[in-house]
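Read the structure below first, then the notes.
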Amino acid sequence: MTKKVFETRMFRAILICVPLVANICAAQEVDPVLAEGKNKTVAAQKSQKRIDKLAAQTYDIMQDFKVVNKQLEGIKVYNAQLGKYIQNQKQTMLDIEYSIKNTTVIERQIVPLSLKMLDALEQFINLDLPFQRETRLTSIAQVRENLGVSRFSTSEKFRQVLELYDIESEYGNTIDQYSGLLEVEGLEQKVTFLRVGRIALLYQTSNQAKTGAWSKQEKQWQALDSGEYRSATAKAIRIAKKQAAVDVLNLPIAFPEAVK
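Going left to right, the sequence shown walks through residues 4 to 263 as the working numbering numbers them.
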């Protein structure tokens, strides 16, 4: 009797243990699957965040590209107009130079014509961006003086006038920097001037605390937001010094009036 009761209880214990073992085994198989699913979910969330960040960066880059592209289109139009003007001037000079070599009558007209050309160039410089204005005007004064010197031939006098025009025309295609003194907020300070072709003229103090640009509309220097333009101006100065590679920079550009 006791043996039969013992066997019955043991059978019941076995029946109870079997589901428990099955549940434990099933749990051991499901836990890795759940963990893997959780890891995939976390990875997917991280990937989505990276995608969203890249999408935002791409949008910002596209907006910057549109702004720069619009500025470049304006510069191209201006350069095309200026190119036509310079080309017409050069053609006129070539015609006159040819006449100098072949006609003695024209030779007597070269000095008066050269004086008119120097007057026109002087007026242009006074209306242009005020970069190295004193040096440029001094060069004109020197050539004007040479027109009255007998030891210079007529062709040499005219060549000097043409050289000034060539120098001025090159300014529109170059970037340059130079040091000088400028009154900033009532105090004369040493600054570095930055010229970008003929479309921008800026300055920056030696400690980069103050940055400004020449306003063609106001005909005066205007302070710029240091946070927005300080680093770009500093980098442009390094590019002009050939201390940095050429790059696209955010600089205030004043589009000039069309040349007629």
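Glycine included, C-beta positions come from ideal geometry on N, C-alpha and C. Model, not experiment: these values are computed from the prediction.
| Check | Outcome |
| --- | --- |
| GLN225, DSSP secondary structure in three states | strand |
| Cα-Cα separation between LYS263 and TYR88, rounded to whole angstroms | Because LYS263 carries a pLDDT of 43, less than 50, the predicted location of this residue cannot be relied on, and no value is offered for it. |
| THR61 classed as buried or exposed, judged by whether at least 16 other C-beta atoms fall within 10 angstroms | exposed |
| Identity of the residue in VAL146, ILE113, VAL114 nearest GLU125 by Cα | VAL146 |
| C-alpha gap between ASN72 and SER153, whole angstroms | 53 Å |
| For LEU190 and ARG198, believed in contact at Cβ under 8 Å, the rounded distance | ARG198 to LEU190, Cβ: 23 Å. No contact. |
| Segment contact flag, the stretch 172-180 with the stretch 233-250, C-beta cutoff 8 Å, min 3 pairs | yes |
| DSSP state of ARG241 mapped onto helix, strand, coil | helix |
| Host alpha helix (DSSP H) of GLN177 (start-end) | In the sequence under discussion, the amino acid at residue 177 is Thr, which differs from the Gln named in the question. It is not in any alpha helix (DSSP H) - THR177 carries neither H nor E in the DSSP assignment. |
| LYS222 versus ASP228: straight-line alpha-carbon distance, rounded | 19 Å |
| Residues sharing a beta bridge with SER218, DSSP | GLN223 |
| Cross-strand partners of LYS52 (DSSP beta bridge) | Bridge partners of LYS52: none, in fact. |
| Integer-rounded CB distance, given that THR214 should sit under 8 Å from ARG201 | No, ARG201 and THR214 are not in contact; Cβ-Cβ is about 20 Å, not under 8 Å. |
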